[in-house]
Structures are given as C-alpha cells and as structure tokens.
Amino acid sequence: AMERCDNIVAAPTGHLVVCEDGGGDNFLRALSPDGRIAPLARTSLSELCGACFSPDGTTLFVNIQVPGITLAITGPWAQMT
Numbered sequence: 002a003m004e005r006c007d008n009i010v011a012a013p014t015g016h017l018v019v020c021e022d023g024g025g026d027n028f029l030r031a032l033s034p035d036g037r038i039a040p041l042a043r044t045s046l047s048e049l050c051g052a053c054f055s056p057d058g059t060t061l062f063v064n065i066q067v068p069g070i071t072l073a074i075t076g077p078w079a080q081m082t
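So for the sequence shown, the working numbering puts the first residue at 2; every next one is plus one.
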C-alpha cells in the first residue's frame with residue numbers, strides 16, 4: 002500500500018511513478034498498468050517530490066525536499082515491475 006501520495010508522473014513505459022509524503026521513511030514507487038506496486042527508492046530524510054522524466058525518457062529526476070537536493074536516476078525503466 003502507498004501512503005499520502007502527492008506527486009505522480011507517467012513513465013515512458015506506461016507505469017506511474019508516485020512520490021509518497023508519509024511519516025518515517027518515504028518511498029518513490031512504481032505502479033504498473035496492471036496494478037502492481039514496486040519500490041524504486043526510499044529516503045528517511047524528508048518527502049520525495051517533483052518527479053519528472055527527461056524529454057528522452059531515460060532519466061528520472063526527483064527531489065528530496067529537505068535538505069533540498071535533486072537526484073537524477075537512470076533506468077532500465079522497462080524493468081520497473
């Protein structure tokens with residue numbers, strides 16, 4: 002199950018990438034077209050937010066709100082879930 006989802010972006014594969022804003026650890030999760038959920042990343046620092054893909058779909062950018070950093074994550078996105 003996901004907790005307090007507040008940022009969602011469509012991946013080039015048809016999946017949704019969901020940022021959680023919950024208590025404790027916060028996850029970046031993939032939701033497949035058939036409803037399967039898989040973790041992509043986890044942080045205990047702060048909420049994950051602002052996920053978006055590069056124009057060519059190869060890099061996912063996501064922010065960790067505190068301390069205010071942006072991560073660039075490369076795939077392989079075809080193997081998300």
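Quick reminder that beta carbons are idealized off the backbone N, C-alpha and C, glycines included.
| Nearest-angstrom Cα separation, counted from residue 28 out to residue 20 | Along the sequence shown, read from residue 1 onward, the residue named residue 20 stands at position 19. Along the sequence shown, read from residue 1 onward, the residue named residue 28 stands at position 27. Whole-angstrom Cα-Cα distance: 6 Å.
| task | Compute the distance between the beta-carbons of residue 5 and residue 26, then report whether it is under 8 Å. | result | Mapped onto the sequence shown, residue 5 falls at position 4. Mapped onto the sequence shown, residue 26 falls at position 25. It is not a contact, given that the beta carbons lie outside the stated cut-off.
| field | Bridge partners - residue 59, DSSP secondary structure assignment | value | Counting from one through the sequence shown, the residue named residue 59 turns up at place 58. Looking at the DSSP assignment, residue 59 forms no beta bridge with any residue, so it has no partner.
| Cα-Cα separation between residue 76 and residue 47, rounded to whole angstroms | Position 75 of the sequence shown, counting from 1, holds the residue named residue 76. Position 46 of the sequence shown, counting from 1, holds the residue named residue 47. One C-alpha to the other measures close to 23 Å.
| Residues that residue 39 bridges to, as DSSP identifies them | Counting from one through the sequence shown, the residue named residue 39 turns up at place 38. The partner list for residue 39 (beta bridge, DSSP) reads 31.
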